[in-house]
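Undergrad:
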């Protein structure tokens, strides 16, 4: 009840005319920033940081503005994932897998509405979790040493094969390729640059944002160029016509929501826990949520072909993770993601010291912030659902106008973030690689996961080895790590057996269909 | 490191004189000033640029606002190379720097770049290093920790937020060297992504000791979750850290100051350079800046703008010495 009273006090602090206005602006800008490829939550918050300072805002309103942008970007990322197959930011990566097929099948409106609601549920319960459990949850984060983190990332990689392609060998190759890219840059454990070729720009490694925008957005543009040059105008017109009818109803029916409820519930819990772990974050949250749903659903072969649960799960997962990531930031002063790192800097600049004492020392700020998160979340739902129809109209823009726009936004976005022409060249290179890989039908998602998680996995393995003086048994030295390894092994082998069973069933079914049909 | 004890009063006197001379007497008129933070928003360099820029604005040292540009990459190397090769003549530009910049210059981590390609403007504060253990650790003093490392290096893992060979690592090595440990390479240092993660692992019990900056550990010191066994400052720090002994008090003459300051393009005119030296000095001695320093756990650094070039040279030389001993550079 204490938390409840505190929260009410928080609403007292948060609900002023100015704060609501700031939250509205933040939500709107955040959604746009999230939807634009290349601009994600962390850049969004960083870009608006000077605005908050130059407006001379106090701690609470400044935080309200910036966290609204943060939550807004987590909502917005899904829009371009679903409509264009281009993740607006890295946590929205998994949403492309089923969101885009849904849009292609004429259910774009439904997919947007459903993912909006899933986002709301994920963020709502994560915020409740943050409000009630933050001090206790810190203990979960403290259970994870380097060995446990390594097991966790190994779990993610073990389930990668079953995720995005029917061809496991291609998935494995893609993951290995991503891991290889992750090796570029200065190695933290020795301070030696690897594969950097004396190029100072490569010392920090390849930014996954550059890779995402190149692999997804630019390769899409290249494919369009190739087709529009080679194919007859008739085929193009047919393609355009096909997408013109493909908007669908801009609402999610009650039956659809009911169908997806278990998926949303599970994903919220998984996403939240992934968010609580510093260094895991929203991308891992949405990934594990998707992987879990694919495993527990009956007849998992609908995933990747426009299964609504495959849209709801990652969106609930990544929004819950966004809330979860605030736990270590507030209670430990440890940023769990790029965005929380920027928010942490804001707190410090506002003379707030995050850490174990924050909840007792600055209750106004903490509870005002949590109340603001609730407000932003409701606002985002109200803002997003009516706009679904509008967003979906992006599909009506003929590709010949849309694709140059995508290319432009990609270049401006990446240059705006890094201010480096070198990154633009790397992005173009990734665009070409993505184009080739798409032709070879190699999935792109494992590549990004390899880049995102590869560094963390390696760093934690080597930390664990340094601490244990090279004793490998340290990797399975705690109950937690043993548990994670068991999940990893199950996750790796289950799809192999279950997948074969389903394939056999499918085969039998088609055969029987044929026999009855003829 | 020898400059730290000097000239607190010198700076104040200098600033007083500077205050008397009105800005228009300078031949150089700043316009559209810019500060490059060689990292993403949210880090220490970003903080330096934004806070100093804001103070310069408030004190009307620069006209209008100072633009902050984030130029991340290569641990500051991208910005350094850019300034040397493309912005060398820019009179309206300063770039945030810290001990990390000096460390990387010392270990040749900026390929083809050296400290004399730019002009070193001045420092605005220092973040002193600390060495800490978990609150329930059996170790209570720095000599105890170092004695245990000396007896069995494999028994103690030290966590820090910088890469191997980075500043957090070097602080432990400086202390170890001063205590007479000869095989510096045997010390187990575990690199994490930032001081926050390293402290968390100390709390989680994965490592035995933590090396970082005072500001990084402040939240945990207040809550009593960690035990600071040594502060690497010349004398006791004011405020929250006053109750913790310095390494010097414990007979280990190790000082680790992570200074924060600025460099300017190498081709900057002497008038402009003098303007920026004065500007930084004015900020440093202002009451506004003193407020910012206390809020953020920054300690005063006793090195005047005129001495700063020599100060950076000295610190690079001493970092090179220790990096050679651990075999990081030849």
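Chains as they are written, first to last, in the numbering used here: chain R, 3 to 520; chain H, 1110 to 1439.
Glycine included, C-beta positions come from ideal geometry on N, C-alpha and C.
Note that the structure is a prediction, hence the values are computed from the model and not measured.
Cβ of residue 335/R less than 8 Å from any chain H Cβ?
TA: Within the first chain, the letter at position 333 stands for residue 335/R. It does; some Cβ of chain H falls within 8 Å.
Undergrad: What residue from 354/R, 173/R and 477/R has the CA that sits closest to residue 445/R's CA?
TA: Translated into positions along the first chain, residue 445/R becomes position 443. The shortest Cα separation from residue 445/R among 354/R, 173/R and 477/R belongs to 173/R.
Undergrad: For residue 1195/H, would you say it is in contact with chain R, using Cβ-to-Cβ distances shorter than 8 Å as the test?
TA: Within the second chain, residue 1195/H is the residue found at index 86, counting from 1. By this cut-off, residue 1195/H is not an interface position.
Undergrad: For a test of the three-state rule: what should DSSP assign to residue 1319/H, helix, strand or coil?
TA: Within the second chain, the letter at position 210 stands for residue 1319/H. DSSP places residue 1319/H in strand when its eight states are reduced to three.
Undergrad: Within the same chain, show all residues whose beta-carbon is closer than 8 Å to that of residue 20/R, passing over the 5 residues directly before and after it, in chain order.
TA: Counting from 1 along the first chain, the entry for residue 20/R is found at position 18. The residues are 63.
Undergrad: Count Cβ pairs between the stretch 1379-1399 of chain H and the stretch 1313-1326 of chain H that sit closer than 8 Å; are there 3 or more?
TA: With the cut-off at 8 Å, the stretch 1379-1399 of chain H and the stretch 1313-1326 of chain H do not touch.
Undergrad: Among 1438/H, 1141/H and 1149/H, which residue has its Cα nearest to the Cα of residue 192/R?
TA: Taking the first residue of the first chain as 1, we reach residue 192/R at position 190. Checking every option, the nearest Cα to that of residue 192/R belongs to 1438/H.
Undergrad: Going by DSSP in three states, residue 1179/H sits in which element: helix, strand or coil?
TA: Locating residue 1179/H in the second chain gives position 70, counting from the first residue. Judged by DSSP in its simplified three-state form, residue 1179/H adopts strand.
Undergrad: Using beta carbons (cut-off 8 Å, strictly below), is residue 1306/H in contact with chain R?
TA: The residue you call residue 1306/H lines up with position 197 of the second chain. Residue 1306/H counts as touching chain R.
Undergrad: So, under 8 Å CB-CB, residue 162/R and residue 448/R are touching, yes? Tell me the CB distance rounded to an integer number of Å.
TA: Within the first chain, the letter at position 160 stands for residue 162/R. Within the first chain, the letter at position 446 stands for residue 448/R. Contact holds; Cβ gap of about 5 Å.
Undergrad: Roughly how many whole angstroms lie between the Cα atoms of residue 1419/H and residue 1236/H?
TA: On the second chain, position 310 is the one that residue 1419/H refers to. On the second chain, position 127 is the one that residue 1236/H refers to. Rounded to whole angstroms, the gap between the alpha carbons of residue 1419/H and residue 1236/H is 20 Å.
Undergrad: Secondary structure at residue 373/R, three-state DSSP: helix, strand or coil?
TA: Translated into the one-based positions of the first chain, residue 373/R becomes position 371. Reduced to three states, the DSSP call for residue 373/R is helix.
Undergrad: For residue 1236/H and chain R, any beta-carbon pair shorter than 8 Å?
TA: Taking the first residue of the second chain as position 1, residue 1236/H is located at position 127. Judged by the 8 Å Cβ criterion, residue 1236/H is not in contact with chain R.
Undergrad: Can you tell me whether DSSP reads residue 1281/H as helix, strand or coil?
TA: Sequence index remark: in the second chain, residue 1281/H carries index 172 (1-based). The answer is helix: DSSP assigns residue 1281/H an H, G or I state.
Undergrad: Near residue 370/R, what residues of its chain come up, given a Cβ to Cβ distance below 8 Å and the 5 sequence neighbours on each side ignored?
TA: The residue you call residue 370/R lines up with position 368 of the first chain. So the qualifying residues of the chain are 12, 15, 16, 62, 65 and 66.
Undergrad: Starting from residue 1367/H, follow its DSSP beta bridges and name the residues at the other end.
TA: The residue given as residue 1367/H occupies position 258 in the second chain. In DSSP, residue 1367/H forms a bridge with 1236/H.
Undergrad: From the DSSP output, in three-state form, read off residue 1202/H for me.
TA: Residue mapping note: residue 1202/H aligns to position 93 of the second chain, counting from 1. Looking at residue 1202/H - three-state DSSP - the assignment turns out to be strand.
Undergrad: Give, in chain order, every residue of the stretch 1350-1370 of chain H whose Cβ lies closer than 7 Å to some Cβ of chain R.
TA: none
Undergrad: I need the straight-line Cα distance from residue 100/R to residue 1164/H, nearest angstrom please.
TA: Here residue 100/R refers to the residue found at position 98 when the first chain is read from its first residue. Here residue 1164/H refers to the residue found at position 55 when the second chain is read from its first residue. Within the model, the alpha-carbon separation for residue 100/R versus residue 1164/H is close to 51 Å.
Undergrad: Run down chain R in chain order and give the residues with a C-beta less than 8 Å from the C-beta of residue 1220/H.
TA: Reading the second chain from its first residue, position 111 is the one you call residue 1220/H. Neighbours of residue 1220/H on chain R, chain order: 200 and 202.
Undergrad: Name the two residues that bound the continuous beta strand (DSSP E) containing residue 189/R.
TA: On the first chain, position 187 is the one that residue 189/R refers to. Here the beta strand (DSSP E) through residue 189/R covers 187-189.
Undergrad: Starting from residue 1340/H, follow the beta strand (DSSP E) in both directions and report where the run begins and ends.
TA: Translated into positions along the second chain, residue 1340/H becomes position 231. Element bounds for residue 1340/H: 1335-1340.
Undergrad: Please confirm whether residue 1266/H has its beta-carbon closer than 8 Å to some beta-carbon of chain R.
TA: Translated into positions along the second chain, residue 1266/H becomes position 157. Put simply, the CB of residue 1266/H is near chain R, with a gap under 8 Å to one of its CB atoms.
Undergrad: Is residue 48/R close to chain H? Criterion is C-beta to C-beta, closer than 8 Å.
TA: Taking the first residue of the first chain as 1, we reach residue 48/R at position 46. For residue 48/R, the answer is yes, since a Cβ of chain H falls inside 8 Å of its Cβ.
Undergrad: Using the Cα positions of residue 377/R and residue 1381/H, report the straight-line distance between them to the nearest angstrom.
TA: What you label residue 377/R is simply residue 375 of the first chain in a count that begins at 1. What you label residue 1381/H is simply residue 272 of the second chain in a count that begins at 1. Those two C-alpha atoms are separated by around 49 Å.
Undergrad: By the 10 Å Cβ neighbour count, where 16 or more other Cβ atoms means buried, how is residue 180/R classified, buried or exposed?
TA: Numbered from 1 along the first chain, position 178 holds the residue referred to as residue 180/R. Label assigned to residue 180/R: buried.
Undergrad: So residue 1310/H contacts chain R; which residues on that side make the cut at Cβ distance below 7 Å?
TA: The residue you call residue 1310/H lines up with position 201 of the second chain. Those are 147, listed as they occur along chain R.
Undergrad: Out of 116/R, 216/R and 69/R, which has the shortest C-alpha to C-alpha gap to residue 22/R?
TA: The sequence position of residue 22/R within the first chain is 20, counting from 1. Ranking the options by Cα distance to residue 22/R, first place goes to 69/R.
Undergrad: Does the beta carbon of residue 191/R sit closer than 8 Å to a beta carbon anywhere in chain H?
TA: For this step, residue 191/R is matched to residue 189 along the first chain. Yes, residue 191/R lies at the interface with chain H (some Cβ there is under 8 Å from its Cβ).
Undergrad: Within a Cβ cutoff of 7 Å, which residues of the same chain sit near residue 237/R, ignoring the five residues on either side of it in sequence?
TA: Position 235 of the first chain, counted from the start, is the residue given in the question as residue 237/R. A caution first: residue 237/R carries a pLDDT of 47, below 50, which makes its placement in the model too unreliable to give a value.
Undergrad: Taking the alpha helix (DSSP H) that residue 1436/H belongs to, which residues open and close that run?
TA: Counting from one through the second chain, the residue named residue 1436/H turns up at place 327. Looking at the DSSP string, residue 1436/H is not in any alpha helix (DSSP H), and its letter there is neither H nor E.
Undergrad: Straight-line CA distance for residue 1202/H to residue 1433/H?
TA: Position 93 of the second chain, counted from the start, is the residue given in the question as residue 1202/H. Position 324 of the second chain, counted from the start, is the residue given in the question as residue 1433/H. For residue 1202/H and residue 1433/H, the distance between alpha carbons rounds to 34 Å.
Undergrad: Out of curiosity, what's the CA-to-CA distance linking residue 43/R and residue 457/R?
TA: In the first chain, residue 43/R corresponds to position 41, counting from 1. In the first chain, residue 457/R corresponds to position 455, counting from 1. It is roughly 21 Å from the alpha-carbon of residue 43/R to the alpha-carbon of residue 457/R.
Undergrad: Please say whether residue 347/R and residue 1277/H have beta carbons closer to each other than 8 Å?
TA: For this step, residue 1277/H is matched to residue 168 along the second chain. For this step, residue 347/R is matched to residue 345 along the first chain. No, the Cβ-Cβ distance between residue 1277/H and residue 347/R is not below 8 Å.
Undergrad: Which of the three DSSP states is assigned to residue 1244/H in this structure?
TA: Translated into the one-based positions of the second chain, residue 1244/H becomes position 135. Looking at residue 1244/H - three-state DSSP - the assignment turns out to be coil, as it is neither helix nor strand.
Undergrad: At least one CB of chain R closer than 8 Å to the CB of residue 1430/H: is that the case?
TA: Mapped onto the second chain, residue 1430/H falls at position 321. The beta carbon of residue 1430/H does not come within 8 Å of any beta carbon belonging to chain R, so the residue lies off that interface.
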